[in-house]
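Notes follow once the structure below has been shown.
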Amino acid sequence: MFVFGVCIDSQEVFDRHCLPAIAQFGGADATLITSTDKPIAVTYNQMLAASLDMADVEAVVLLRPEVEITDPRFLTKIRAAFAQDDRLAIIGVRAGPADGASLAPVDAVDDTCMVLRPSLTAQLRFDEAAFRGTSGYDIDFCFRAREAGFHVALAPIDVVQHRRDQHAPGREAHAAPAAPAQTSEAYRSAAAVWQGKRAADLRASMLRRIWLRSPDGEPRPDLGSSPALAAGFDLSHAELLEHLPSEVTRVLDVGCGSGSRGQQIKATTGAHVAGIEGGAAAARLARTRLDEVHELDLTTATQLPWQPSPYDVIVLADVLARVAEPEALLRMLLPYLTPQGSIILTVPNVKHWSVILPLLLQDRWEYQAGGPLQHANLRFFTMIEIAELLRGVGMGTFDACAAQQLPLEDEARLEPLLSAVRAYGADADEVATLLNAYQYVVVARRG
1 MFVFGVCIDS QEVFDRHCLP AIAQFGGADA TLITSTDKPI AVTYNQMLAA SLDMADVEAV
61 VLLRPEVEIT DPRFLTKIRA AFAQDDRLAI IGVRAGPADG ASLAPVDAVD DTCMVLRPSL
121 TAQLRFDEAA FRGTSGYDID FCFRAREAGF HVALAPIDVV QHRRDQHAPG REAHAAPAAP
181 AQTSEAYRSA AAVWQGKRAA DLRASMLRRI WLRSPDGEPR PDLGSSPALA AGFDLSHAEL
241 LEHLPSEVTR VLDVGCGSGS RGQQIKATTG AHVAGIEGGA AAARLARTRL DEVHELDLTT
301 ATQLPWQPSP YDVIVLADVL ARVAEPEALL RMLLPYLTPQ GSIILTVPNV KHWSVILPLL
361 LQDRWEYQAG GPLQHANLRF FTMIEIAELL RGVGMGTFDA CAAQQLPLED EARLEPLLSA
421 VRAYGADADE VATLLNAYQY VVVARRG
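Going by the UniProt record's numbering, the letters in the sequence shown line up with residues 1 to 447, in that order.
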């Protein structure tokens with residue numbers, strides 16, 4: 001089965017050119033995923049995630065809506081190309097002879113028509129934090145795939161890329177390399193991010209070594225070999241699940257994403273799990289995993305668009321950091337919590353050494369793809385701010401613990417800072433604990 005993913009910015013163009021061709025040449029069992037959401041890199045990542053839940057996927061084909069497949073042997077050529085090179089993971093299109101096995105190795109291809117091997121989609125994602133616009137993300141994706149040991153090539157596949165402003169018959173052009181100015185700009189955009197990412201990878205590698213280091217000999221979870229996945233860690237799921245009450249029947253997961261966390265909650269507790277998600281593509285996938293999912297923009301909502309029975313637990317995993325008014329969000333949700341219910345939330349610790357040391361020593365406050373200074377974060381919390389926020393909305397009883405301690409590999413490097421802390425009369429051991437806390441899990445109840 002071939003999965004086709006299209007980010008649609010013109011429904012008319014898609015319906016006229018792209019859709020009929022997929023129906024004609026995509027195979028009887030072709031699956032189509034479309035979205036109008038932006039940025040494109042985010043939408044593509046959601047499509048790749050959705051494809052992983054499907055069985056017997058031979059390839060994922062990302063198409064622009066103005067691209068029309070005209071090659072009757074499209075499927076045959078893709079299968080032949082993948083069979084010819086088992087490390088080939090990304091195929092672009094080029095004009096050439098009809099021989100489907102004739103491949104031209106290249107550094108990168110664009111997303112005019114980008115065909116991905118499923119084994120790659122399980123390991124790599126588009127860099128949605130660095131590429132928020134409409135160019136560069138595809139080239140960067142190819143660079144990282146090649147660094148991970150995969151191959152990129154062009155195959156002789158016939159497609160037509162229709163001009164957006166000219167719909168008259170005969171006014172179309174076969175797919176060709178982008179104009180030099182466009183290519184140069186796309187490569188400059190990708191190269192700027194790539195150079196910065198090289199430096200960031202050093203920090204990510206250091207954190208990964210710390211995370212995998214186990215003083216007690218117990219194994220740590222596998223973070224995967226892909227540079228994109230190793231650069232960011234999801235430290236909240238296991239700790240969050242440990243704090244679920246033993247008897248819970250109804251859970252609301254706010255900011256549920258694709259539903260993987262809620263799916264774990266269902267499997268662990270057997271509870272009815274509802275989700276709230278602002279992204280349309282993620283919400284569609286979450287509906288296949290949760291009991292109910294509602295699309296809602298948390299930045300503007302003042303009430304839930306449905307009237308549910310109260311929930312035993314409301315989960316907010318890294319949500320409060322991403323809304324401008326976290327207190328207003330909590331006040332909106334509290335009427336839907338049972339009197340004895342609890343809110344379980346995770347927040348990144350802005351006092352972590354990875355934030356404090358660059359700020360003190362290098363005058364740097366650098367946003368990252370992951371960690372306490374994620375690009376999406378609007379609000380930053382220490383433990384005191386979280387406590388005050390919860391008390392302010394009537395959640396006066398709470399327990400908290402560091403979801404993960406992520407210390408410096410050479411902890412002695414903190415000693416000069418801790419000496420200064422002692423000089424001010426503060427508890428250096430407590431400060432060291434807070435500097436090493438990467439993320440907090442907070443369980444709050446009324447009281």
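Note that CB positions come from ideal geometry on N, CA and C, so glycine has one too.
No experiment lies behind these values; they were computed from the predicted model shown.
Per the C-alpha coordinates, the member of 102, 416, 317 and 345 positioned closest to residue 260 is 317. The segment 65-137 is shown to contain whole alpha helix (DSSP H) runs of 4 or more residues at 74-84 and 118-121, in chain order.
Scanning the segment 260-337 for uninterrupted alpha helix (DSSP H) segments of 4 residues or longer gives 260-269, 280-286 and 326-333, listed from N- to C-terminal end.
For residue 354, the enclosing alpha helix (DSSP H) stretches over residues 353-362. A straight-line Cα-Cα distance of about 50 angstroms links residue 136 and residue 340.
Residue pairing by DSSP places residue 35 opposite 7 in a beta bridge. Nearest Cα to residue 382 within the set 252, 435, 240 and 308: 435. Contact between residue 30 and residue 22 is confirmed by a C-beta separation of about 6 angstroms, below the 8 angstroms threshold. When secondary structure is reduced to three states using DSSP, residue 341 falls in the strand class. If you check the CB distance, residue 327 and residue 392 come in under 8 angstroms. From the listed residues 371, 245 and 286, the smallest Cα separation to residue 268 is found for 245. Excluding residues up to 5 positions away in sequence, 63, 67, 93 and 159 lie with their Cβ nearer than 6 angstroms to the Cβ of residue 113 in the same chain.
If you look at residue 429, you'll find it isn't in any beta strand (DSSP E); it sits in the alpha helix (DSSP H) that goes 428-436. Per the DSSP secondary-structure output, residue 253 pairs in a beta bridge with 275 and 315. Taking all protein chains in view, the Cβ of residue 422 is surrounded by fewer than 16 other Cβ atoms within 10 Å, so the residue is classified as exposed. The Cβ neighbour count for residue 253, taken over all protein chains shown within 10 Å, is at least 16; the residue is labelled buried.
Non-local C-beta neighbours of residue 105 in its own chain, meaning closer than 6 angstroms and more than five positions away in sequence, comprise 153, ordered along the chain. Shown here, residue 156 sits in a strand according to DSSP, grouped into three states. Cβ neighbours of residue 49 within its own chain (closer than 6 angstroms, five residues either side excluded): 258. Residue 80 and residue 14 have their alpha carbons spaced roughly 28 angstroms apart.
For residue 23, the enclosing alpha helix (DSSP H) starts and ends at 19-25. As a beta-bridge residue in DSSP terms, residue 60 pairs with 3 and 116. Going by beta carbons, residue 143 and residue 126 fall outside the 8 angstroms limit.
Contact between the segment 360-371 and the segment 332-339 is not established, with fewer than three Cβ pairs separated by less than 8 angstroms.
Put simply, of 424, 37, 425 and 147 the residue whose alpha carbon is nearest the alpha carbon of residue 279 is 37.
In the DSSP secondary-structure assignment, residue 368 is bridged to 374. By the beta-carbon neighbour count (other beta carbons within 10 angstroms, threshold 16), residue 311 is buried.
Within the same chain, and ignoring the five residues on either side of residue 41 in sequence, the residues whose Cβ sits closer than 8 angstroms to its Cβ are 126, 127, 128, 131, 132 and 137.
In the DSSP assignment, residue 416 falls within the alpha helix (DSSP H) that extends over 415-423. Distance from the CA atom of residue 43 to the CA atom of residue 17, rounded to whole angstroms, is 21 angstroms.
In the same chain as residue 378, and ignoring 5 residues on each side of it, the C-beta atoms closer than 8 angstroms to its own belong to 321, 322, 323 and 324, in chain order. Excluding sequence positions up to five before and after residue 262, its CB lies within less than 6 angstroms of the CB of 253, 256, 273, 275 and 290, all in the same chain and listed in chain order. Using a Cβ distance threshold of 8 angstroms, residue 277 and residue 292 do not count as a contacting pair. Ranking 345, 356 and 425 by CA distance to the CA of residue 390 puts 345 first. With distances taken between CA atoms, residue 121 lies nearest to 57 out of 163, 69 and 57.
Residue range 383-392 is occupied by the alpha helix (DSSP H) that includes residue 383.
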